[in-house]
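J.: A single structure is presented below for examination.
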């Protein structure tokens, strides 16, 4: 499954958890510096974000699988109805062709609950060659088709169960990493937490932003209106967001649909040079694990982590270096 391949590729990123555990426990001979703790907090939040995007992809996949399952079950029910209709026709033909046969023989044919047994009984009667061959063949085809649809339905159920297990594992991993990050954050002095928890921004800076055009204006206005709201993994509004949930909701307000998953969001639109970005452009970070929305003047609206929430911050920071930008 495509989802599992991607999980293998991010294994080296998530392996950093064991390093973090050392900071949580702390060596007996020395306490980590505030800078070290800050770095570990960012690493944990980044790891949580990687898993969050995996969770978003799995959640989207689960929705599609469940929708397909509904259709498969409907097809299976329709196929079963067709089988019963042909079964009735074939049973009527048996009664007409063998009106003079013994009642026990006829009864064993028309009352059999097993499709294979039904066909065997009908075939064994002495005048089988006089039956309508097309009805017999149609019945056989319907049995085969129903079996195939049942197999497809069962396979779909197995896929859903597998993805649900992945979702549960992702939830546990995200909660664990966020819990560790918040524990480390609580060990810092208030003055040392500002790099993560500040949600302040200048209204003057917002007032001086370049005016976007067309649908981008709607998307940017929506994103700016969310500044100060909470970050929650897997959320896409209206009261909380994760990174791809924010960009999806903002552009959705402008009538542009996109998935709740960074790689497919940015893959759907043309790339633009980072030095030619316009308000509304999406900026990918960290190999597809993070996305922000450019708003002009080197700033973006960003849903980064539970401590920071949704805020405005520079496109380039010591911990953020964009990979590329795209224009919806």
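In this note's numbering, the protein residues as written are 2 to 329.
C-beta atoms are modelled at their ideal positions from N, C-alpha and C, and glycine is treated no differently.
As the structure is a prediction and not an experimental result, all values here were calculated from the model.
With respect to the beta strand (DSSP E) encompassing residue 315, which residues constitute its N-terminal and C-terminal limits?
T.: Start and end: 311 to 315.
J.: Mapping DSSP to helix, strand and coil, what is residue 102?
T.: For residue 102, the predicted model reports a pLDDT of 48, less than 50, meaning its position is unreliable; a value from the coordinates is still stated below. In the structure shown, residue 102 sits in coil (DSSP, three-state: anything other than H, G, I, E or B).
J.: Would you be able to state if there are at least three C-beta pairs under 8 Å between the segment 232 to 240 and the segment 285 to 298?
T.: Short answer: they don't touch.
J.: What is the DSSP secondary structure of residue 264, counted as helix, strand or coil?
T.: Three-state DSSP puts residue 264 in a helix.
J.: Can you name the start and end residues of the beta strand (DSSP E) that residue 283 belongs to?
T.: Element bounds for residue 283: 283 to 286.
J.: Apply the 10 Å Cβ neighbour rule to residue 191 and answer buried if 16 or more other Cβ atoms are within range, or exposed otherwise.
T.: The residue in question, residue 191, is exposed, as its Cβ has fewer than 16 Cβ neighbours within 10 Å.
J.: For a cutoff of 9 Å on Cβ pairs, would you count residue 281 as touching chain C?
T.: Absence of chain C from the displayed structure is noted, only one protein chain being present.
J.: In terms of residue numbering, what span does the alpha helix (DSSP H) encompassing residue 238 cover?
T.: Where residue 238 is concerned, there is no enclosing alpha helix (DSSP H), given that its DSSP letter is neither H nor E.
J.: Could you tell me the alpha carbon to alpha carbon distance between residue 244 and residue 295, rounded to whole angstroms?
T.: C-alpha separation (whole angstroms): 13 Å.
J.: If you follow the alpha helix (DSSP H) that residue 228 is part of, which residue opens it and which one closes it?
T.: Note, residue 228: premise wrong, no alpha helix (DSSP H); not H, not E.
J.: If distances are taken between C-alpha atoms only, which option among 304, 268, 165 comes closest to residue 230?
T.: Per the Cα distances, 304.
J.: Residues in its own chain within less than 6 Å of residue 167 by CB, not counting five upstream and five downstream?
T.: So the qualifying residues of the chain are 59.
J.: Identify the residues that DSSP records as bridge partners of residue 295: which are they?
T.: Answer is 301, bridged to residue 295.
J.: Taking the alpha-carbon positions, what's the residue 319 to residue 219 distance?
T.: Their Cα atoms are separated by approximately 30 Å.
J.: Identify the continuous beta strand (DSSP E) that holds residue 325 and give its terminal residues.
T.: First-last of the beta strand (DSSP E) with residue 325: 323 to 327.
J.: Could you tell me whether the segment 249 to 262 touches the segment 311 to 318, using the rule of 3 or more Cβ pairs below 8 Å?
T.: In short, these stretches do not touch, since the Cβ pair count stays below three.
J.: Cutting at 7 Å between CB atoms, please list the residues of its own chain near residue 46, excluding the five before and the five after it.
T.: Excluding residues within five positions, the ones whose Cβ falls inside 7 Å are 182, 306.
J.: Any chance you could list the alpha helix (DSSP H) runs of at least 4 consecutive residues sitting entirely within the segment 32 to 108, in chain order?
T.: You should have 35 to 98.
J.: With a 10 Å radius around its C-beta and 16 neighbouring C-beta atoms as the bar for buried, classify residue 152 as buried or exposed.
T.: Its Cβ having fewer than 16 others within 10 Å, residue 152 is exposed.
J.: Using the Cα positions of residue 150 and residue 214, report the straight-line distance between them to the nearest angstrom.
T.: If I take the Cα positions, the gap works out to 50 Å.
J.: Return the CA-CA distance between residue 325 and residue 225, expressed in angstroms with no decimal places.
T.: Roughly 22 Å separates the two Cα atoms.
J.: Quick check: the Cα distance between residue 27 and residue 38, rounded to an integer number of angstroms?
T.: With a pLDDT of 46 at residue 27, under the threshold of 50, the modelled position of this residue cannot be trusted, and the question is left open.
J.: DSSP on residue 257, reduced to helix/strand/coil?
T.: Looking at residue 257 - three-state DSSP - the assignment turns out to be coil, as it is neither helix nor strand.
J.: Is residue 92 buried or exposed, if buried means 16 or more other CB atoms sit within 10 Å of its CB?
T.: Buried, because 16 or more other Cβ atoms sit within 10 Å of the Cβ of residue 92.
J.: Can residue 161 and residue 73 be called in contact, C-beta distance under 9 Å?
T.: No.
J.: Alpha carbon to alpha carbon, how far is residue 329 from residue 212? Give it in angstroms, no decimals.
T.: Spanning the two alpha carbons is a distance of roughly 17 Å.
J.: Between residue 335 and residue 216, which are expected to be in contact by the criterion C-beta below 8 Å, what is the C-beta distance as a whole number of angstroms?
T.: In the structure as shown, the chain starts at 2 and stops at 329, and residue 335 therefore has no counterpart that could be examined.
J.: Quick one: what's residue 318 bridged to in DSSP?
T.: Paired residue(s): 321.
J.: Whole angstroms are fine: how far does the CA of residue 277 sit from the CA of residue 327?
T.: Residue 327 and residue 277: Cα-Cα distance of roughly 10 Å.
J.: Who are the Cβ neighbours of residue 251 in its own chain at under 7 Å, not counting the five residues just before and after it?
T.: So the list reads 220, 223, 224, 294, once near-sequence residues are dropped.
J.: Using beta-carbon positions only, say whether residue 147 and residue 84 come within less than 9 Å of one another.
T.: Yes, the Cβ-Cβ distance between residue 147 and residue 84 is below 9 Å.
J.: Classify residue 281 as buried or exposed, calling it buried when 16 or more other Cβ atoms lie within 10 Å of its own Cβ.
T.: Its Cβ being crowded by 16 or more others within 10 Å, residue 281 is buried.
J.: Would you tell me roughly how many angstroms separate the C-alpha atoms of residue 66 and residue 76, rounded to the nearest one?
T.: Distance between the alpha carbons of residue 66 and residue 76: 15 Å.
J.: Based on DSSP bridge pairs, tell me the residues matched to residue 273.
T.: In DSSP, residue 273 forms a bridge with 326.
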